[in-house]
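Below is one structure; the comments refer to it alone.
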Amino acid sequence: MKIEHLINGQPVAGRDCFETINPATQEVLAEVADGGEVEVNAAVAAAKEVFPKWAGLAAAERAKLIRKLGDLIAQNVAEIARIETDDCGQVIAQTGKQLVPRAADNFYYFAEMCTRVDGHTYPTPTHLNYTLFHPVGVCALISPWNVPFMTATWKVAPCLAFGNTAVLKMSELSPLSAARLGELALEAGIPPGVLNVVHG
C-alpha cells in the first residue's frame, strides 16, 4: 500500500518514501510519501488560498461540515481503529471503544462551540473595550506517534470549526490514520485545501 500527501484535495506522491511498520508484528504496512520543504510550501499555499472562503463561511455552515466529519468517523470506527492499532500498537479494545469514538466527539463538540462563540464588552468610563474572535489563518498542526488519530482531531476539529485552515503533520512512526482523516474530510464536503496532510 502507498500513502501519499493530501494537498489541495489531491494525492501528491513524495520524491522519497519511508515505511511504516506494525510494532507488534514488524510487518511493513505501507510506503508513505516523505515530504519536505516543497510539499510543505505547496500545502501552506493551498491552505492560504482557500482560507478567505472558509473563514467567510457562516459558523452554522462550517458546523454542518464539521459535524458531518464527526459522523463519518463514527460510521468508520472499526476501520479507523484497526488502522490505528496496526500503525501504533494500541490494543483494539482501546482504539475501537474509546479513542476513535472520542475523536468523533471532538468534531461534534467543536461543531457546536463554533456557533456559540461571541465577543465581550468591558465597560470603562472613557473607552469602549470589546473583544471579537476571528480566524487567524493557516495553522501548522503536529501530532505525536502515540494516540495519533485522537490527538490529531484535538487539533484539527477546533482549527477548522473556527474558520482556520490547516497543514497536518503526523509522526512518521504512525502516519496512516491522518491519511484516512484527510479522505474523510473531503468526503464530508470540507473544501479542498482546508485540511492538507503532509507526511515525513
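Numbering-wise (this note's numbering), the sequence shown opens with residue 1278 and increments by one. All C-beta atoms in this analysis are idealised placements derived from N, C-alpha and C, irrespective of residue type, glycine included. Note that the structure is predicted; figures quoted are calculated from it, not measured.
According to DSSP, is residue i helix, strand or coil?
| i | result |
| --- | --- |
| Val1305 | strand |
| Ile1467 | coil |
| Phe1439 | coil |
| Leu1409 | coil |
| Asn1353 | coil |
| Cys1391 | coil |
| Thr1398 | strand |
| Met1427 | helix |
| Ser1454 | helix |
| Gln1246 | Because the chain spans 1278 through 1477 in this model, residue 1246 falls outside it and cannot be assessed. |
| Glu1281 | coil |
| Val1368 | coil |
| Glu1296 | strand |
Rounded to the nearest angstrom, what separates residue i and residue j at their Cα positions?
| i | j | result |
| --- | --- | --- |
| Phe1410 | Val1394 | 8 angstroms |
| Asn1473 | His1282 | 8 angstroms |
| His1476 | Glu1296 | 11 angstroms |
| Glu1316 | Thr1401 | 49 angstroms |
| Met1278 | Tyr1407 | 53 angstroms |
| Asn1441 | Val1415 | 6 angstroms |
| Pro1288 | Ala1320 | 11 angstroms |
| Cys1294 | Asp1311 | 5 angstroms |
| Tyr1385 | Gly1286 | 23 angstroms |
| Ile1280 | Thr1403 | 59 angstroms |
| Leu1364 | Leu1405 | The sequence given here places Asp at residue 1364; Leu does not occur at that position. Going from the Cα of Asp1364 to the Cα of Leu1405 covers about 53 angstroms. |
| Met1390 | Asn1383 | 11 angstroms |
| Lys1325 | Leu1458 | 20 angstroms |
Which residues in the same chain as residue i place their Cβ atom closer than 8 angstroms to its Cβ, once the five residues preceding and following it in sequence are excluded?
| i | result |
| --- | --- |
| Leu1418 | Ala1429, Lys1432, Val1433, Cys1436, Ala1443, Val1444, Leu1445, Lys1446 |
| Leu1349 | Leu1461, Glu1464, Ala1465 |
| Leu1376 | Ala1358, Glu1361, Gln1367, Val1424, Phe1426, Met1427 |
Say the cut is 8 angstroms; is the CB of residue i nearer than that to a heavy atom of the ligand MN?
| i | result |
| --- | --- |
| Val1368 | Because no ligand of any kind appears in the structure shown, any question about the ligand MN cannot be addressed here. |
With a CB to CB cut of under 7 angstroms and the five nearest residues on each side skipped, what residues in its chain are close to residue i?
| i | result |
| --- | --- |
| Pro1421 | Thr1428, Ser1448 |
| Ala1388 | Ala1340, Ile1343, Arg1344, Gly1347, Ala1438 |
| Ala1301 | Gly1366 |
| Gly1373 | Val1354, Ala1355, Ala1358 |
| Trp1331 | Gly1440, Thr1442, Pro1468, Val1471 |
When the Cα of residue i is compared with those of the options, which residue comes out closest?
| i | options | result |
| --- | --- | --- |
| Ser1454 | Tyr1399, Gln1303, Pro1468, Arg1359 | Arg1359 |
| Asn1423 | Val1309, Ala1310, Gln1303, Gln1371 | Gln1371 |
| Gln1303 | Leu1458, Arg1457, Leu1450, Ala1290 | Leu1450 |
| Gly1333 | Asp1382, Pro1412, Ala1380 | Pro1412 |
| Ile1298 | Ile1369, Ala1335, Glu1308 | Glu1308 |
| Asn1318 | Ile1284, Ala1351, Phe1328 | Ile1284 |
Just to confirm my understanding: we take residue i, look at its own chain, exclude 5 residues before and 5 after, and list those with CB closer than 6 angstroms. What are they?
| i | result |
| --- | --- |
| Ile1467 | Leu1342 |
Please report the Cβ distance between residue i and residue j, rounded to the nearest whole angstrom; I am assuming they are in contact, meaning their Cβ atoms lie under 8 angstroms.
| i | j | result |
| --- | --- | --- |
| Ala1337 | Gly1470 | About 21 angstroms; that fails the 8 angstroms criterion. |
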